[in-house]
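Participant:
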Amino acid sequence: MITVKDLIAKIYSGEMKSADFVKECFDRIKKIDSKVKAFLKLNEENSLKQAEKFDKNIGCPQRGMLEGVPIAIKDNIMVKGESMTSASKYLENYISPYDATVIEKLKVAGAILIGRTNMDEFAMGGSTETSFYQRTANPWNIEYIPGGSSGGSAAAVSSGMVPLALGSDTGGSIRQPASFCGIVGYKPSYGLISRYGACALASSFDQIGIFSKTVADSALLASVISGSDYRDPVCQPKDHVDYTHDLDNNYTLKTAKIGIPKQLLDYEVDQEITKCFRNSVNKLKSICADVVEIDIPAYKYVPALYKTIMCAEVSANIATFDGVRYGYRCPNGKNLSDEYAKSRAESLGYEVKKRILFGTYVLGAKNYHRCYHQAQKVRTLLINQITNAYNGCNFIFSPATLQMPVKFGDNLSEECDIFLTAANLVGLPGISVPCSFTNSGMPIGVHFMGPRFSDEKMFQVAHAFEKISNFDTHRYPQV
Amino acid sequence: MLIEELEVTAFLARIDIKDEEKDKYLADINAMLAYVEILQEPDVTDLPPTTHVTELRNVWREDIVRPCQKKVVDQMLDMAPAREGTFYKIQKVIETQ
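Order-wise, the sequence lines are chains P and S.
So for the first sequence, the working numbering puts the first residue at 704; every next one is plus one.
So for the second sequence, the working numbering puts the first residue at 91; every next one is plus one.
#1: For the segment 879-948 of chain P, list the alpha helix (DSSP H) runs that are entirely contained and at least 4 residues long, ordered along the chain.
#2: Beta-carbon within less than 7 Å of P:Asn1035's beta-carbon, same chain only, minus the 5 sequence neighbours each way: which residues are those?
#3: Under a CB-based cut-off of 8 Å, is S:Leu92 close to chain P?
#4: If you draw a straight line from the C-alpha of P:Lys734 to the C-alpha of P:Phe724, how long is it?
#5: Cα-Cα, which of P:Pro940, P:Asp949, P:Gln1088, P:Lys1056 is closest to S:Glu145?
#6: Which residues of the segment 138-171 of chain S have a Cβ closer than 7 Å to any Cβ of chain P? Give them in chain order.
#7: Please list the segments of the alpha helix (DSSP H) lying wholly inside the segment 965-1035 of chain P, counting only runs of 4 or more residues, in order along the chain.
#8: Under a three-way DSSP split, which group does S:Ala172 fall into?
#9: Name the chain S residues whose beta carbon is nearer than 9 Å to that of P:His1076?
#10: Secondary structure at P:Lys1110, three-state DSSP: helix, strand or coil?
#11: Cβ atoms of P:Ala881 and P:His1166: under 8 Å apart, would you say?
#12: Which residues share a DSSP beta bridge with P:Ile776?
#13: Give the interface partners of P:Leu1084 over in chain S, defined as CB-CB distance under 7 Å, in chain order.
#14: Using the rule of at least 16 other Cβ atoms within 10 Å of the residue's Cβ for burial, across every protein chain shown, is S:Ile154 buried or exposed?
#15: Can you look up P:Ile845 in the DSSP assignment and give me helix, strand or coil?
#16: According to DSSP, which residues form a beta bridge with S:Ile184?
#17: Out of P:Ala1048, P:Glu755, P:Ala1007, P:Pro964, which one is the CA nearest neighbour of P:Ile999?
#18: Under the three-state reduction of DSSP, which class applies to P:Asn1138: helix, strand or coil?
#19: Terminal residues of the continuous alpha helix (DSSP H) containing P:Met1152?
#20: Return no unless some Cβ of chain S is closer than 8 Å to the Cβ of P:Tyr797.
#21: Could you tell me whether the Cβ of P:Pro1154 comes closer than 8 Å to any Cβ of chain S?
#22: Quick one: does S:Ile184 have its CB under 8 Å from some CB of chain C?
#23: Can you list the residues of chain P that S:Asp118 reaches, using a CB-CB cut of under 7 Å?
#24: Identify, in the order they occur along the chain, each residue of the same chain with its Cβ nearer than 8 Å to the Cβ of P:Ile780, setting aside the five sequence neighbours on each side.
#25: Could you tell me which of P:Glu747, P:Gly813, P:Glu727, P:Asp709 sits nearest to P:Asn1188, measuring between CA atoms?
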């Protein structure tokens, strides 16, 4: 499959028809998705109609930035008139009454929404195994997890079923599966892309983000879907930024100081990841101004901080699912309270209920001060230390994950995504970029994290790294 | 967390849990509580809590009602498990003696 940048050029030059490309995507989906199970729903008929319509109007001067380009959407983002399940039984019959802001923007840009991708239930998980509907496989080896929570989106792009996908990232849910599946995963700065119309998990961390084969394609999609929105009050970035404009700016990289966290040594990191990361550091040394060691002792609190604050916010956000206004309602409730409790018990999965209970407990009067309030203060400590680290470097560079994907049913370690989750806790942009394959043919990724709203420069650095990494972006898994 | 605390928490969270599920919830939640104990380690007495990473502050504005098409209102109400006219229908909440 070609990159989106090349696809757009070919479509506009008349060398390729959008309808042919969309058909190719569906052919591939039909061929391999019975094994990968990335998609929950497909929109074949409408997608082809839309592509044909675009092909007919190719000469029309008013064309969008993504006209005729297919994209997959994680099933927790609303598309008007379509179902949105968040991979939960609770929302099995829910039909979105309006478009999320990102969907509005995609429609204006002319993108073709080909289907909805699988995920962990309400994005709670790191393997896509908590989905109520199906289990998505890693296309590079279908016995392994694709990562999560946006595992369906990652698997779909990585296996060449679609060139672009949207996901959401609360604690690494885009960048971890992107790394496990060998593609680019981008989480913007907190407040760069509107979350209006996305199903909330933990509101002080949640961001919508992007899966693509190349950094340039992520930058292109970011240019389309970012921008301020009165309906998401924290979303106040500059409007109409073209993140692809200065992508080849060598100045940024040549003058960049890259920080490597000293704390990497405190963890047991997979040997092949360590080897690949060392190689990547050496490559960066050859082109960057400097590679320096940085010290952020508070990294060790990241998983515990995330657990405490995320679950507390989950318990508040998921309270909305009570069976009154939409979703599942238990038919046998004795009274209203009983009906709430049974509706939730019968329609939410174990992981979701466990997180709600944990969150409710740490917010309870007895534990609030010791658990939740303390976590908020330690979050400040982490923010201060990372902000301080940026006085000595421009970007923090680390392996994306500390572990390779595991087989279904096996657990990842608590610390696996520590360097990804830190970005959510501090509101920073992060991008995972594939850099190599293991001997057994599984991909490995690295992660750049920049200061808040440094997304433009982060794309430049990641793009430059992609070029020197020698990672073959044209290689696709044989499913 | 003790079993009594689990029961109170489940009531507060409005999640019906069965007796046979309680041991698993207790084991898992207690493991999580033990894991987050590390947050007691640093001295953060003088640090303010972070609720949000943005620089935004709450501001007052006029409460302006933005229009919503009747069709959309109907669609949203139609999604309710039970409705009556333009209301969501729920079980009686006031008991009569």
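Even for Gly, the Cβ is constructed at its ideal location relative to N, Cα and C.
Facilitator: The short version:
#1: 918-928
#2: Lys1045
#3: no
#4: 15 Å
#5: P:Pro940
#6: Pro138, Pro139, Thr140, Thr141, His142, Val143, Thr144, Leu146, Val162, Gln165, Met166, Met169, Ala170, Pro171
#7: 974-990, 1005-1020
#8: coil
#9: Pro139
#10: strand
#11: no
#12: P:Arg819, P:Leu869
#13: Pro132, Val134, Leu137
#14: exposed
#15: coil
#16: Beta-bridge pairing links S:Ile184 to no other residue.
#17: P:Pro964
#18: Note on residue identity: the sequence assigns Cys, not Asn, to residue 1138 of chain P. The answer is strand: DSSP assigns P:Cys1138 an E or B state.
#19: First-last for P:Met1152: 1146-1152, but that is the beta strand (DSSP E), not the alpha helix (DSSP H).
#20: yes
#21: no
#22: Within the model displayed, chain C is absent; protein chains P and S are what it includes.
#23: Lys1057
#24: Met787, Ala803, Val805, Ile806, Leu869, Ser871, Gly900, Ala901, Cys902, Ile911
#25: The first residue shown for chain P is 704 and the last is 1182, placing residue 1188 of chain P beyond what the model contains.
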